[in-house]
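Numbering (the numbering used here), first residue to last: 418 to 533. Every residue, glycine too, gets a C-beta built ideally from N, C-alpha and C. In this text, all values refer to a predicted model and were calculated from it rather than measured experimentally.
Put into structure tokens, the structure is as follows:
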């Protein structure tokens with residue numbers, strides 16, 4: 418059995434800290450020990466180890482695993498439709514600016530310069 422098969426939470430190494438805090442609330446002490454052992458031998462992230470130790474302490478002092486921690490993490494980005502919502506039928510009509518001047522004050526073609 419490899420690490421990913423015995424981990425109580427899949428993709429542990431890719432979990433953001435805020436998501437971990439939410440997800441470990443539903444775990445018992447044995448599951449937390451499994452995560453602690455994995456964390457110590459792999460990434461050994463100090464903030465994650467503190468989080469796991471704090472939750473272990475809470476359980477040791479009478480806290481109970483609470484429901485939750487299922488489903489997508491609360492801090493994961495939402496999946497959105499890629500691409501532009503603009504279609505040929507909704508795009509703005511083409512606008513061609515005059516070669517000089519503004520649409521309200523077009524340039525005059527009768528001026529050829531000094532002395533003309």
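Problem - Beta-carbon spacing of residue 452, residue 425 below 8 Å - result: Position 35 of the chain shown, counting from 1, holds the residue named residue 452. Position 8 of the chain shown, counting from 1, holds the residue named residue 425. Yes.
Problem - C-beta atoms of residue 443 and residue 484 nearer than 8 Å - result: Here residue 443 refers to the residue found at position 26 when the chain shown is read from its first residue. Here residue 484 refers to the residue found at position 67 when the chain shown is read from its first residue. Taking 8 Å as the Cβ cut-off, residue 443 and residue 484 qualify as a contacting pair.
Exercise for the section: Using beta-carbon positions only, say whether residue 456 and residue 462 come within less than 8 Å of one another. Expected result: Walking along the chain shown from the start, residue 456 turns up at place 39. Walking along the chain shown from the start, residue 462 turns up at place 45. For residue 456 and residue 462, yes; Cβs fall inside 8 Å.
Exercise for the section: Would you list, in sequence order, the uninterrupted alpha helix (DSSP H) runs of no fewer than 4 residues that lie entirely inside the segment 427–492? Expected result: 434–440, 446–458 and 463–477
Practice task
Indicate the three-state DSSP secondary structure (helix, strand or coil) for residue 512 in the structure shown.
Solution key: Working through the chain shown from its first residue, we reach residue 512 at position 95. Collapsing the DSSP output to three states places residue 512 in coil.
Practice task
Since I believe residue 473 is in contact with residue 434 (beta carbons under 8 Å), could you give me their beta-carbon distance rounded to a whole number of angstroms?
Solution key: For this step, residue 434 is matched to residue 17 along the chain shown. For this step, residue 473 is matched to residue 56 along the chain shown. Rounded to the nearest angstrom, the Cβ distance from residue 434 to residue 473 is 17 Å, too far for a contact under 8 Å.
Exercise for the section: Return the CA-CA distance between residue 445 and residue 428, expressed in angstroms with no decimal places. Expected result: One-based indexing of the chain shown puts residue 445 at position 28. One-based indexing of the chain shown puts residue 428 at position 11. C-alpha separation (whole angstroms): 19 Å.
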